[in-house]
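Asker: Have a look at this one.
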Amino acid sequence: MSIAASEVEVKALLQKVLGYSKADECEVNLLDEEWSNIRYARNEVSTCGSLANKTLTVRSAFGKRVGVAAINEFDEAALEKVVRRSEELARLAPENPEYVGLVGPQTYLKANGFFESTANVSPSARAGAVVESIRLCRDQKQLGAGYLEDRVSYAALMNSKGLFAYYPSTQVNFSLTVRTPDGTGSGYATRGYNDFNQLKTAPATQVAVQKAMGSVGARALEPGKYTVILEPLAAGVLLEHLFGALDARSADEGRSFLSKPGGKTRLGEKLIDERVTIYSDPTFAELPASPWSGDGRAQEKTAWIEKGVVKNVAYSRYWAQKKGVKAIPYPNNFIMLGGTASLDEMIKSTQRGILVTKLWYTRSVDPQTLLVTGLTRDGTFYIENGRIKHPVKNFRFNESPIIMLNNVEMLGKPERMVSSEGSFANYMIPPMKIREFTFSSLSEAV
Amino acid sequence: MLPTLPGFGRSVDPQVLLEPGLDVTLKKRLANAGLNAAKAQGASYADVRIGRYLNQFIVTREDKVQNIVNTESYGVGVRVIANGCWGFAAIGEAKTEADVARAAAKAVAMAKANAELAKEPVQLAPQKGFGEVSWKTPITKNGFEVPIREKVDLLMSVNGAALKNGANFVDSALFMINEQKYFASTDGSYIDQDVHRIWPNFTITAIDPKTGKFQTRDSLSAPVGMSYDYLQVNPSDKVTGITTRYNQGYDMLEDAIAGAKQAKEKLAAKSVEAGKYDLILDPSHTWLTIHESVGHPLELDRVLGYEANLAGTSFATLDKWKSKNFNYGSKEVTLFADKTQKGSLGAVGYDDEGVSTKRWDLVKDGVLVNYQAIRDQVHIIGENESQGCCYADSWGTVQFQRMANVSLAPGKQKLSVQDMIKDVKKGIYIIGDGSYSIDQQRYNFQFGGQLFYEIRDGQIAGMLKDVAYQSNTQEFWNSCVAVCDESDYRLGGSFFDGKGQPIQTNSVSHGSSTARFNGVNVINTARKI
Numbered sequence: 003m004s005i006a007a008s009e010v011e012v013k014a015l016l017q018k019v020l021g022y023s024k025a026d027e028c029e030v031n032l033l034d035e036e037w038s039n040i041r042y043a044r045n046e047v048s049t050c051g052s053l054a055n056k057t058l059t060v061r062s063a064f065g066k067r068v069g070v071a072a073i074n075e076f077d078e079a080a081l082e083k084v085v086r087r088s089e090e091l092a093r094l095a096p097e098n099p100e101y102v103g104l105v106g107p108q109t110y111l112k113a114n115g116f117f118e119s120t121a122n123v124s125p126s127a128r129a130g131a132v133v134e135s136i137r138l139c140r141d142q143k144q145l146g147a148g149y150l151e152d153r154v155s156y157a158a159l160m161n162s163k164g165l166f167a168y169y170p171s172t173q174v175n176f177s178l179t180v181r182t183p184d185g186t187g188s189g190y191a192t193r194g195y196n197d198f199n200q201l202k203t204a205p206a207t208q209v210a211v212q213k214a215m216g217s218v219g220a221r222a223l224e225p226g227k228y229t230v231i232l233e234p235l236a237a238g239v240l241l242e243h244l245f246g247a248l249d250a251r252s253a254d255e256g257r258s259f260l261s262k263p264g265g266k267t268r269l270g271e272k273l274i275d276e277r278v279t280i281y282s283d284p285t286f287a288e289l290p291a292s293p294w295s296g297d298g299r300a301q302e303k304t305a306w307i308e309k310g311v312v313k314n315v316a317y318s319r320y321w322a323q324k325k326g327v328k329a330i331p332y333p334n335n336f337i338m339l340g341g342t343a344s345l346d347e348m349i350k351s352t353q354r355g356i357l358v359t360k361l362w363y364t365r366s367v368d369p370q371t372l373l374v375t376g377l378t379r380d381g382t383f384y385i386e387n388g389r390i391k392h393p394v395k396n397f398r399f400n401e402s403p404i405i406m407l408n409n410v411e412m413l414g415k416p417e418r419m420v421s422s423e424g425s426f427a428n429y430m431i432p433p434m435k436i437r438e439f440t441f442s443s444l445s446e447a448v
Numbered sequence: 003m004l005p006t007l008p009g010f011g012r013s014v015d016p017q018v019l020l021e022p023g024l025d026v027t028l029k030k031r032l033a034n035a036g037l038n039a040a041k042a043q044g045a046s047y048a049d050v051r052i053g054r055y056l057n058q059f060i061v062t063r064e065d066k067v068q069n070i071v072n073t074e075s076y077g078v079g080v081r082v083i084a085n086g087c088w089g090f091a092a093i094g095e096a097k098t099e100a101d102v103a104r105a106a107a108k109a110v111a112m113a114k115a116n117a118e119l120a121k122e123p124v125q126l127a128p129q130k131g132f133g134e135v136s137w138k139t140p141i142t143k144n145g146f147e148v149p150i151r152e153k154v155d156l157l158m159s160v161n162g163a164a165l166k167n168g169a170n171f172v173d174s175a176l177f178m179i180n181e182q183k184y185f186a187s188t189d190g191s192y193i194d195q196d197v198h199r200i201w202p203n204f205t206i207t208a209i210d211p212k213t214g215k216f217q218t219r220d221s222l223s224a225p226v227g228m229s230y231d232y233l234q235v236n237p238s239d240k241v242t243g244i245t246t247r248y249n250q251g252y253d254m255l256e257d258a259i260a261g262a263k264q265a266k267e268k269l270a271a272k273s274v275e276a277g278k279y280d281l282i283l284d285p286s287h288t289w290l291t292i293h294e295s296v297g298h299p300l301e302l303d304r305v306l307g308y309e310a311n312l313a314g315t316s317f318a319t320l321d322k323w324k325s326k327n328f329n330y331g332s333k334e335v336t337l338f339a340d341k342t343q344k345g346s347l348g349a350v351g352y353d354d355e356g357v358s359t360k361r362w363d364l365v366k367d368g369v370l371v372n373y374q375a376i377r378d379q380v381h382i383i384g385e386n387e388s389q390g391c392c393y394a395d396s397w398g399t400v401q402f403q404r405m406a407n408v409s410l411a412p413g414k415q416k417l418s419v420q421d422m423i424k425d426v427k428k429g430i431y432i433i434g435d436g437s438y439s440i441d442q443q444r445y446n447f448q449f450g451g452q453l454f455y456e457i458r459d460g461q462i463a464g465m466l467k468d469v470a471y472q473s474n475t476q477e478f479w480n481s482c483v484a485v486c487d488e489s490d491y492r493l494g495g496s497f498f499d500g501k502g503q504p505i506q507t508n509s510v511s512h513g514s515s516t517a518r519f520n521g522v523n524v525i526n527t528a529r530k531i
């Protein structure tokens, strides 16, 4: 089925599906999306592909028995069949004591994450963006390996309590690793936008080329505690571990970094430096996000950390009901406030420190303290007296984002970054200067 | 790279999981339509994969079933070489010969377009056709046929036992996978395979109410290339010792009881003093170290730079292999790849480009001797036959080189774990896998674990916590001084190894016997926030 689902068409389709329902409660979810990608390595396109997927998921409930079924066919018979199947599964399912019923009608903020430029990007424009990057790498005798992926999606939700939610969106992510032919230097750049027209692969490629060439001849420094300047990409993947842990239930249950003895939590306490404010806002122009959560709850502008204080944690509706509090859903974007300083100004202000382009293979070591390990990668440089002196060999670090955000020296201007650690989520993160960041060993890896 | 949770197919009624897939004659007809269409459009080679992928996941916590997921995904992928370049196209719900022919034509068009940007034509190693053959995971009890009620009851009894024995929380799950794959190629192969995997697992949490500290203990099960037979408890599959570990059969209930007690014990354990220790590593732990520090760096596509933008490259460069004297490890260390090991996640009769599977050495008596490579790569290492480790995680994704089961060969001399521990002065015995991280060229790594026991003067001296070890791959494998004999050999593994862009998952096992590594750097991971 072709992808071009207007709000009116989607609404009519979901109403029709709901019309078949005989359950106590019914929810219908439509996700219609299409991805296209080009991958290249050693300055040649290696693979490309596209995938279209349109899925209708129906959730039916009889009391606290819930059944879910999905289809990717859309004729009348299939639509009725999926409703019947979800009802049969609900009748067979054990009671779920945590089922609290469906969300009623909501009022949503207006978020614009849909751009025609991305929805209608031509194969030649996509290939052109990649060819330009490859050409720049070849011209400078460097080896480029990159990936460009764009996506258009239409998501909609309707339920028997009168809720209707609709959000079309587009996204393009580009990432590139440039290596010197002798393998002694490596650089990286990544960009994420909703609007394909904003993607300029040439300047991004130039950044990666410069990092690669500049990282040749890296010297070894002793591991230990250093002042670091983390570029937004490096800082963001560490903060991702904090974002993922902002959950009320695990905090209340005593198994989170937010837990305290006796079933208490650190909610409302000042946990980190007062310059740190992290919030979510689906209407944020540079990083728009869906104004509704997966279960249909409205996403409001929400402060998670405000001036170092933990202001909010995310609740499931069941847990919020049990605790008698507002059920704030887990957000669809994160924005960290910063300052006005540019990266260059931050380097100039540093007597002795290390500039970190990217962190790699970051994994949780201890959820109690949010201790994370990982390594620097693709451009690590020694700064002395306000200037980049020379590249340094990569380090393994063991650090908690909580400790790190207590050691803030300076925050720069926030930028939209793309997580390079598997989630590929986009966040607004400032570059940050951190004192006493813990590097625990050296790596030979380039 | 671990872990990345994959996307699965559409959700279905559990009964659908028991329905047979397409009849093999129909599959052959569909496949031939694709092969013929590809050739007619100018392809010099083509393969067609008709895949039906079934999953059932049951997820619980304490006394509640949180989720029962049944999914089915069916479709056809066609891969071709035209004008010396690869092309690939896939089509979901493909029912007719015309559907498959359309995908084939699209794949050829894509290959021709890519050929304009390519520098060198694909060199495909020759492969004889096998005619019509089939292969099936040897199972005695299909988990999809076991009533859901019985599976839920098992998990509920596991959770109940854990709570009764001191757990504050317990999450448990049962993952079952069935890949029904049909492969046909212009080489003359028509291969029908039925592949099963299962993974029962839990995480138990214990909390100290006074301090607010918590500790977890994960199950000591392994994901395996078996089905419900893995949950049939047989005393000969148990490895007794400081805690019971499991071989070809897993006693989930027994492990949950031990797990709850050990999670509590961990709360009171001594925090490790950082420094150099001799490590005794149980196979339930070592699999992950093998995976990261041997399996990945010896993938030829990584060595050549094709994975540079995400997973990275490799320190094990071709010059090291060509030298024939690169000491990857000590003389005790022989590491081999094997796609035939019974009960392993990677076991299949034929890979996803129609090559029959085999075993081959990667590191022999300490020396790097080979890589893992597929049909379009083996010419680079001077071989004319693929090693048979090509895999795609779905009909809708293109097959590429994936890790075979890579394992540490057992020691040739008779050696028990007890005898190994006996002459360790200052050491740590590590059981189970924990946190993990390695650099993009696979030099520097850090691993945690589930259970850590201090060894002093040849005796176990009690439990430790906050342990992680850091080393460098070559240094680490050269510090291996002993490997127990084959009676201790067991498999561990991962359901969700990620690689490629867009990312694909692969299931892979790693076997070993308990092994000793001298003088490894151990750090203390405790922090205060």
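Protein sequences, first through last, are from chains W and X. Residue numbers for the first sequence follow this note's numbering, beginning at 3 and rising by one. Residue numbers for the second sequence follow this note's numbering, beginning at 3 and rising by one. The C-beta atom is built at its ideal place from N, Cα and C for all residues, glycine as well. Just so you know, these numbers come straight off a predicted model, no measurement behind them.
1. Helix, strand or coil for residue 287/X per DSSP?
2. Which residues in chain W sit within 8 Å of residue 261/X, going by Cβ to Cβ distance?
3. Please state whether the Cβ-Cβ distance between residue 515/X and residue 496/X is less than 8 Å.
4. If residue 171/W and residue 196/W are in contact, beta carbons under 8 Å, what's the gap, nearest whole angstrom?
5. Suppose the cutoff is 8 Å on Cβ atoms and the five residues either side in sequence are ignored; what does the same chain contact list for residue 17/W look like?
6. Restricting to Cα atoms, I'd like to know which of 19/X, 89/X and 285/X is closest to residue 45/X.
7. Taking 8 Å as the CB-CB limit, is residue 211/X close to chain W?
8. Applying a beta-carbon distance threshold of less than 8 Å, which residues of chain X neighbour residue 50/W?
9. Keeping to the same chain, check which residues put their C-beta closer than 7 Å to that of residue 24/W; ignore five residues upstream and five downstream.
10. Rounded C-beta distance between residue 358/W and residue 378/W? I'm assuming under 8 Å.
11. Can residue 380/X be considered in contact with the ligand FMN, in the sense that its beta carbon sits closer than 7 Å to one or more heavy atoms?
12. Give a yes or no on whether the C-beta atoms belonging to residue 33/W and residue 222/W are separated by under 8 Å.
13. Near residue 473/X, which residues of its chain fall below 7 Å by C-beta distance, leaving aside the five closest residues on each side in sequence?
14. Kindly identify the DSSP beta-bridge partner or partners of residue 87/X.
15. Taking the straight line between their C-alpha atoms, what separation do you get for residue 381/X and residue 389/X?
16. Taking the alpha carbon of residue 355/X as the point to measure from, which residue in 277/X, 92/X and 126/X has its own alpha carbon closest?
17. Using the DSSP secondary-structure output, state which residues sit across from residue 366/X in a beta bridge.
18. Rounded to the nearest angstrom, what separates residue 226/W and residue 438/W at their Cα positions?
19. Compute the distance between the beta-carbons of residue 177/W and residue 148/W, then report whether it is under 8 Å.
20. Let me check one thing: in DSSP terms, what residues is residue 133/X bridge-paired to?
21. For residue 403/X, name the three-state secondary structure that DSSP assigns.
22. Please say whether residue 101/W and residue 294/W have beta carbons closer to each other than 8 Å?
23. Quick one: Cα of residue 374/W to Cα of residue 85/X, how far?
24. Using a Cβ-Cβ cut-off of less than 9 Å, give me the residues of the stretch 242 to 262 of chain X that come near chain W, in sequence order.
25. Quick one: Cα of residue 167/X to Cα of residue 264/X, how far?
26. Among the candidates 295/X, 18/X and 251/X, whose CA atom is the shortest distance from the CA of residue 318/X?
27. Quick one: list the residues of chain X neighbouring residue 145/W, beta-carbon separation under 9 Å, in chain order.
28. Taking only the alpha-carbon atoms, compute the straight-line gap between residue 83/X and residue 62/W and give it to the nearest angstrom.
29. With burial defined as no fewer than 16 other Cβ atoms inside 10 Å of the residue's Cβ, what is the status of residue 442/W: buried or exposed?
30. So with Cβ pairs under 8 Å, would you call residue 405/W a contact of chain X?
31. Nearest to residue 298/X by CA position, among 216/X, 443/X and 81/X, is which residue?
32. Which chain W residues sit within Cβ distance under 7 Å of residue 225/X?
33. Just checking: is the beta-carbon of residue 328/X within a distance shorter than 8 Å of some beta-carbon in chain W?
34. Looking only at its own chain, which residues have a Cβ that is under 7 Å from the Cβ of residue 345/X, when we skip the five neighbours before and after it?
35. What ranges does the alpha helix (DSSP H) occupy inside the stretch 375 to 417 of chain W, keeping only unbroken runs of at least 4 residues that lie completely in it?
36. Residues of chain W with a CB under 8 Å from the CB of residue 472/X: which are they?
Answerer: With the structure as the only source:
1. In this structure, residue 287/X counts as helix in the three-state DSSP scheme.
2. Going along chain W, no residue has its Cβ under 8 Å from residue 261/X, so there is no contact; the nearest lies around 15 Å.
3. No.
4. Contact between residue 171/W and residue 196/W holds: CB atoms are separated by about 7 Å, below the 8 Å threshold.
5. Short of 8 Å from the beta carbon of residue 17/W, and not among the five residues preceding or following it, lie these beta carbons of its own chain, in chain order: 160.
6. Nearest of 19/X, 89/X and 285/X to residue 45/X, Cα basis: 89/X.
7. Residue-level contact by beta carbon holds for residue 211/X and chain W, with a gap shorter than 8 Å.
8. Those within 8 Å of residue 50/W in chain X are 112 and 116.
9. 89.
10. That pair is a contact at about 5 Å.
11. In the structure shown, the ligand FMN is absent, as is every other ligand, since no ligand is present at all.
12. Taking 8 Å as the Cβ cut-off, residue 33/W and residue 222/W do not qualify as a contacting pair.
13. Setting aside the 5 residues that flank it on each side, residue 473/X is surrounded in the same chain by 447, 522 and 523, each with a C-beta closer than 7 Å to its C-beta; the list follows chain order.
14. DSSP lists 84/X as partners of residue 87/X.
15. Rounded to the nearest angstrom, the two C-alpha atoms are 11 Å apart.
16. When only C-alpha atoms are compared, the closest one is 126/X.
17. Answer is 369/X.
18. Those two C-alpha atoms are separated by around 8 Å.
19. Going by C-beta atoms, residue 177/W is nearer than 8 Å to residue 148/W.
20. 191/X, per the DSSP bridge assignment.
21. Of the three classes helix, strand and coil, the one that applies to residue 403/X here is strand, per DSSP.
22. The answer is no: Cβ separation not under 8 Å.
23. One C-alpha to the other measures close to 48 Å.
24. Result list empty, no residue passes.
25. When rounded, the separation of the alpha-carbon atoms in residue 167/X and residue 264/X is 10 Å.
26. Closest option to residue 318/X, Cα to Cα, is 295/X.
27. Under the 9 Å cutoff, chain X gives 307 and 310.
28. Approximately 47 Å, taken between the alpha carbons.
29. Label assigned to residue 442/W: buried.
30. Interface with chain X (8 Å Cβ-Cβ cutoff): residue 405/W is included.
31. Ranking the options by Cα distance to residue 298/X, first place goes to 443/X.
32. Result: empty, since nearest Cβ-Cβ is about 19 Å, beyond 7 Å.
33. No, no contact with chain W.
34. Shown here for residue 345/X: same chain residues with a beta carbon closer than 7 Å to its own, the five before and five after excluded, namely 226, 227, 228, 250 and 493 in chain order.
35. Counting only runs of 4 or more, we get 403 to 406.
36. Residue 472/X reaches chain W at 398, 442 and 443, counting residues in chain order whose Cβ is nearer than 8 Å.
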